[in-house]
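Colleague: With the sequence shown counted from 1, adding 2 to any position gets you the working numbering. First the structure, then my questions, so here it is.
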Amino acid sequence: MAHRWTNKLTHNDVTPRTAFLNRRQVMAGLAGVGLAGIVKPADAKEGLGPNTWEEITSYNNYYEFGTRKDDPAKYAHTLVTEPWSVKIDGLVDRPGEYDFKDILSEMTIEERIYRFRCVEAWSMVIPWNGFELADLLNMAGVQDGAKFVAFETAYRPDEMPGLQYPVLEWPYREGLRLDEAMHPLTLIATGIYGKTIPNQNGAPLRLVVPWKYGFKSIKSIVRITLTDTQPPTSWNMAGPREYGFYSNVNPNVDHPRWSQASERPIGGGLFAKREPTLMLNGYEEEVASLYEGMDLAANY
Ligand SMILES: Nc1nc2c(c(=O)[nH]1)N[C@H]1C(S)=C(S)[C@@H](COP(=O)(O)O)O[C@H]1N2
Ligand SMILES: [Mo]
């Protein structure tokens with residue numbers, strides 16, 4: 003990619019402090035450091051403020067710890083995230099088991115304030131800290147024949163009580179087309195609000211693909227495989243008609259059981275107004291070219 007994506011959703015309250023922390027994170031080679039001050043969510047210019055730390059870390063989907071929204075915050079502390087390594091294999095020049103700390107020492111941590119839209123039609127705005135997935139893939143050296151990237155979450159029955167229920171095909175699996183994976187918007191998040199990402203949000207590293215439904219953003223990654231064929235994905239296997247491989251946010255393509263035309267912003271209170279869902283979750287300008295000539299209703 004020639005250009006780096008620049009953030010439209012920066013604001014005075016978050017940016018200076020986290021920029022400072024990011025420099026320290028890079029120097030220390032750490033995912034996060036303690037944040038002394040309280041970061042106030044507000045975005046006067048955009049009329050769109052990030053959700054609070056409390057909202058982002060207490061209303062979660064992480065089925066390995068249960069299917070209720072408050073299960074991950076209650077139970078994910080049992081996941082041991084240190085030490086952590088990520089196996090990178092398949093069509094790469096330098097396959098191997100990469101230690102998470104070694105990965106971090108090679109990456110530049112930045113802040114990205116992204117919209118986040120779950121397929122269930124709720125949404126948040128989240129100030130992530132992380133690095134571009136492309137930088138990690140380039141570190142491993144993507145080979146010519148690679149066309150897709152497959153991801154796997156840790157499978158640890160002793161640490162993940164939800165794995166005893168066959169809700170999905172475990173381990174949780176996701177995938178992207180290589181060009182989607184290499185897009186500068188595609189992030190590996192290691193922090194939120196300048197702090198180490200909490201377990202319930204996918205520690206120590208999780209994918210964030212802001213123009214796709216939230217389930218594509220796989221948590222607690224242990225394996226990344228470059229392949230020449232479209233990989234099987236857990237939600238697609240569970241409901242192929244309901245959850246497509248692409249799962250791009252699209253207000254014009256409804257879920258078979260509910261409308262995707264609008265969404266419920268988390269934090270607006272019980273009677274909060276629904277908001278219209280934006281094409282590609284508001285990132286049309288950046289990513290629409292990836293899908294030129296494709297029928298987005300057929301390729302849902
Ligand atoms: N391993 C794993 N990753 C996952 C999930 C999950 O259950 N397991 N849930 C997905 C769904 S449906 C959503 S909406 C987001 C939620 O991310 P958040 O809890 O950080 O907001 O994580 C995604 N990644
Ligand atoms: Mo979701």
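All C-beta atoms, glycine included, are put in the ideal place defined by N, C-alpha and C. Computed from a predicted structure; not experimentally measured.
Run through DSSP, which three-state label would M296 get?
Modeller: coil
Colleague: Quick one: Cα of M141 to Cα of R96, how far?
Modeller: Rounded to whole angstroms, M141 to R96 spans 8 Å at the Cα level.
Colleague: Within the continuous beta strand (DSSP E) that includes D146, where are the two ends?
Modeller: No beta strand (DSSP E) contains D146, which DSSP labels as neither H nor E.
Colleague: What residue range is occupied by the uninterrupted beta strand (DSSP E) comprising L178?
Modeller: From DSSP, the beta strand (DSSP E) with L178 extends over 175-179.
Colleague: What do you reckon, is the C-beta of T279 under 7 Å from a heavy atom of ligand 1?
Modeller: no
Colleague: Is Q145 buried or exposed, if buried means 16 or more other CB atoms sit within 10 Å of its CB?
Modeller: exposed
Colleague: At the level of alpha carbons, what is the spacing between Q72 and L138?
Modeller: Sequence check: residue 72 is Asp here, not Gln. Each residue's CA atom was taken as its position, placing D72 and L138 some 32 Å apart.
Colleague: With DSSP as the reference, identify every bridge partner of A88, one or two as the case may be.
Modeller: One point to set straight first is that residue 88 is Val, not Ala, in the sequence displayed. Answer is Y100.
Colleague: Is M29 helix, strand or coil by DSSP?
Modeller: Model confidence at M29 stands at a pLDDT of 37, short of 50, so the residue's coordinates are unreliable and nothing is read from them.
Colleague: As a quick exercise: from A123, E57, T80, L135, pick the residue whose alpha carbon is nearest that of I226.
Modeller: Of the candidates A123, E57, T80, L135, the one whose C-alpha sits nearest the C-alpha of I226 is L135.
Colleague: With distances taken between CB atoms, is the gap from V82 to Y100 smaller than 8 Å?
Modeller: no
Colleague: Return the residue from the list P267, A274, Q262 that minimises the CA-CA distance to L282.
Modeller: Nearest option by C-alpha distance: Q262.
Colleague: What are the boundary residues of the alpha helix (DSSP H) that includes Y77?
Modeller: 73-77
Colleague: Based on Cα-Cα distance, which residue from L106, S249, P85 lies nearest to A299?
Modeller: S249
Colleague: Answer with buried or exposed for F273, where buried requires no fewer than 16 other C-beta atoms within 10 angstroms of its C-beta.
Modeller: exposed
Colleague: Can you look up W213 in the DSSP assignment and give me helix, strand or coil?
Modeller: coil
Colleague: What span of residues does the alpha helix (DSSP H) with S60 cover, start to end?
Modeller: 55-60
Colleague: Are the CB atoms of R208 and A191 within a distance shorter than 8 Å?
Modeller: yes
Colleague: Less than 8 Å between the CB atoms is what I'm expecting for V210 and S219, so what's the real figure, rounded?
Modeller: 5 Å
Colleague: Checking contacts by CB at 8 Å: is D256 closer than that to chain C?
Modeller: Note that chain C does not occur in the displayed structure, where there is just one protein chain.
Colleague: Could you compute how far the alpha carbon of E56 sits from the alpha carbon of D160?
Modeller: 27 Å
Colleague: Do S236 and R175 have their CB atoms nearer than 8 Å?
Modeller: yes
Colleague: What span of residues does the beta strand (DSSP E) with M239 cover, start to end?
Modeller: Looking at the DSSP string, M239 is not in any beta strand (DSSP E); the run it does join, the alpha helix (DSSP H), is 236-240.
Colleague: Thinking T229 and G92 are a contact (beta carbons under 8 Å), I'd like their distance in whole angstroms, please.
Modeller: 5 Å
Colleague: Beta carbon of N238: closer than 7 Å to some heavy atom of ligand 1?
Modeller: no
Colleague: When you compare each of E113, I115, G68, A123 to P278 by their alpha carbons, which one comes out closest?
Modeller: A123
Colleague: Start and end of the alpha helix (DSSP H) containing E66?
Modeller: Premise fails: E66 is in no alpha helix (DSSP H) and is neither H nor E.
Colleague: Taking the beta strand (DSSP E) that E287 belongs to, which residues open and close that run?
Modeller: From DSSP, E287 is part of no beta strand (DSSP E) but of the alpha helix (DSSP H) over 286-289.
Colleague: From the DSSP secondary-structure annotation, give me the bridge partner or partners of M281.
Modeller: None, per the DSSP bridge assignment.
Colleague: Go to F133, then tell me how far its beta strand (DSSP E) extends in each direction, as first and last residue.
Modeller: In the DSSP assignment, F133 falls within the unbroken beta strand (DSSP E) covering 124-134.
Colleague: Going by beta-carbon coordinates alone, are A75 and Q202 separated by less than 8 Å?
Modeller: yes
Colleague: Per DSSP, what are the beta-bridge partners of G164 in this structure?
Modeller: DSSP output for G164 lists no bridge partner at all.
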